[in-house]
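Have a look at the structure below, then the notes.
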Amino acid sequence: MDLSKLNEILAGQPTYRAGQIKEAVYRLSVADWDEAIGLPRELRQQLKEKCPLNINAELFVSGGGNSQKAVVRLTDGLKIEAVLMCHDNRNTVCVSSQAGCPMACSFCATGKMGFKRNLAVGEIVEQVLLFVRALKKEGQRVTNVVFMGMGEPFLNYDNVMAAIKVLNDQKGLNIGGRHISISTCGVIEGIEKLIDEPLQVNLAVSLHAPNNRLRSRLMPVNNKYPINDIMKSVLRYVKNTNRRVMFEYIMIDGINDSEDCARELAELIRSRLPLKLAFVNLIYYNPTGIYNTSLPKRVKMFKTILMQAGVEATERYRFGREINAACGQLATEAKSEKE
Ligand code: SF4
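At the far end of the sequence shown sits residue 1655, using my numbering, and the numbering has no gaps.
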């Protein structure tokens, strides 16, 4: 999909056409301009030639059918991925904000790809639109969007926020701000900017370790943004917005899943934040070669220690493991094919 020439086409049109086109693309989510029957035929022809609506993607469906992964080929040949997860009447799309990622987290396949480039606004929005169109055929809609795919959203802050405005537009996709979450590995400048955003989107922070020694080993970005600084920024965020922050914690066997880690994490959160404004999401790790995922009984033990310390904790379902619906796995394979 490429709407970059839309303004050029609209230049000779009545002003209300922009609204009609937006409605067709987003609210009605047409996949072909011929379906936009409210537009004159000549205009539709121009749009077909200059603003293609097709999204170049390959879909992979999980065996259980509760998740689908899309590998989207961008116009310059790069591939990114988005994942749809369906459960509890929620249809959540996990989108990418960058092709590759410069953060080089040791557990992440996307990190191993290195950084290619930031995604444009349209390239972020089309990942959601792809699943909006697919779900429409089943009489369903996308209910939630999470920026937890490839890349660090706060390194592409302006485009991510512009895309969120498109997703949130009541006359368009109409996905409520409280149903949109941005996940950061701790880019403090981004957290600080988010405090002042009028849109009520949720913040998630990938912590993955309770102390600097372990976190720096897993996430080199911790050398730039250590835990202490992140916690100070998160405290400002929760105080100013009164919104809860989610800490993501992938459970890696024998690395960060000990009882001591659980107690240290509980103490970190208890001592730094109001308990009602923070919770931990324990995530079963999708192995990408180096590490293994923790056993379920260890995840439960970890959760129990947090809960007993008064820190709310949840476990994230393991969606789409068999279709490599983890951070950048297939994109990494695609890259090797290309080279
Ligand atoms: S985990 Fe997120 S921030 Fe870290 S390398 Fe992967 S995509 Fe980048």
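We treat Cβ as the ideally placed atom computed from N, Cα and C, and that holds for glycine.
Of the listed residues the options, nearest to residue i (C-alpha basis)
| i | options | result |
| --- | --- | --- |
| GLY1488 | GLN1336, LYS1321 and ASP1318 | GLN1336 |
| LYS1452 | ASP1576, GLY1328, ASN1407 and ALA1594 | ASN1407 |
| ILE1480 | GLY1467, MET1466 and ILE1496 | ILE1496 |
| ARG1579 | VAL1377, GLY1626 and ARG1533 | GLY1626 |
| ARG1449 | GLN1362, ASN1602 and GLU1351 | GLU1351 |
| VAL1409 | GLN1443, GLY1381 and ASN1539 | GLN1443 |
| LEU1530 | ASP1348, ILE1571 and LYS1555 | ILE1571 |
| ARG1433 | LYS1619, GLY1467 and LEU1369 | GLY1467 |
| PHE1563 | LYS1548, ALA1520 and LYS1592 | ALA1520 |
| PRO1603 | ARG1389, PHE1618 and ILE1566 | ILE1566 |
| LEU1622 | GLU1583, THR1459, ILE1599 and LYS1395 | GLU1583 |
| LYS1613 | ARG1389, LEU1510 and TYR1600 | TYR1600 |
| ALA1478 | PHE1595, ALA1436, GLU1454 and GLN1486 | ALA1436 |
| PRO1590 | ASP1573, ASN1556, MET1617 and LYS1619 | ASN1556 |
| LYS1338 | CYS1577, ASN1544 and LEU1445 | LEU1445 |
| MET1401 | SER1383, ASP1392, GLY1393 and LYS1395 | SER1383 |
| ASN1544 | ILE1504, PHE1595, GLY1354 and GLU1575 | ILE1504 |
| VAL1387 | PHE1376, ASN1323 and VAL1346 | PHE1376 |
| ASN1527 | ARG1559, ILE1585, TYR1553 and ARG1552 | ILE1585 |
| PHE1431 | LEU1394, GLN1456 and HIS1403 | LEU1394 |
| GLU1628 | PHE1618, LEU1611, PHE1595 and ILE1606 | PHE1595 |
| LEU1593 | ARG1559, ALA1525 and ALA1340 | ARG1559 |
| CYS1577 | VAL1615, LEU1551, SER1549 and ARG1588 | VAL1615 |
| ALA1403 | THR1391, ASN1460 and ARG1389 | Contrary to the premise, residue 1403 reads as His rather than Ala in this sequence. Residue ASN1460 is the option with its Cα nearest to HIS1403. |
| PRO1330 | ASP1392, LEU1359, LEU1319 and VAL1346 | LEU1359 |
Pair within 8 Å by beta-carbon distance, residue i and residue j
| i | j | result |
| --- | --- | --- |
| ALA1398 | SER1412 | yes |
| THR1426 | GLY1416 | yes |
| LEU1423 | ILE1568 | Reading off the sequence shown, one finds Phe at residue 1423, where the question assumed Leu. Yes. |
| ASN1597 | THR1630 | yes |
| TYR1541 | GLY1506 | no |
| LEU1483 | VAL1441 | yes |
| CYS1421 | LEU1534 | yes |
| ILE1498 | PHE1447 | no |
| VAL1517 | ILE1491 | no |
| TRP1349 | LEU1322 | no |
| MET1429 | ILE1371 | no |
| VAL1325 | LEU1363 | The sequence shown places Ile at residue 1325, not Val. Closer than 8 Å, so yes. |
| TYR1342 | ASP1485 | yes |
| CYS1501 | MET1617 | no |
| TYR1553 | LEU1510 | yes |
| SER1532 | ASP1573 | no |
| LEU1551 | ARG1588 | yes |
Beta-bridge partners of residue i, as assigned by DSSP
| i | result |
| --- | --- |
| MET1317 | Note: MET1317 sits in no beta bridge, so no partner. |
| GLU1631 | LEU1598 |
| ASN1407 | CYS1402 |
| VAL1387 | GLU1374 and GLU1397 |
| SER1497 | VAL1462 and ASN1518 |
| ASN1434 | GLN1414 |
Residues with C-beta closer than 6 Å to any heavy atom of the ligand SF4, in chain order
CYS1417, MET1419, ALA1420, CYS1421, CYS1424, THR1426, GLY1427, MET1466, GLY1467, GLU1468, CYS1501 and CYS1643
Extract the residue ranges of the alpha helix (DSSP H) inside the segment 1550 to 1628, only unbroken runs of 4 or more that lie entirely within it.
1575 to 1588 and 1612 to 1624
If we require 4 or more residues per run, which alpha helix (DSSP H) segments fall completely within the segment 1322 to 1367?
1322 to 1326, 1332 to 1338 and 1357 to 1366
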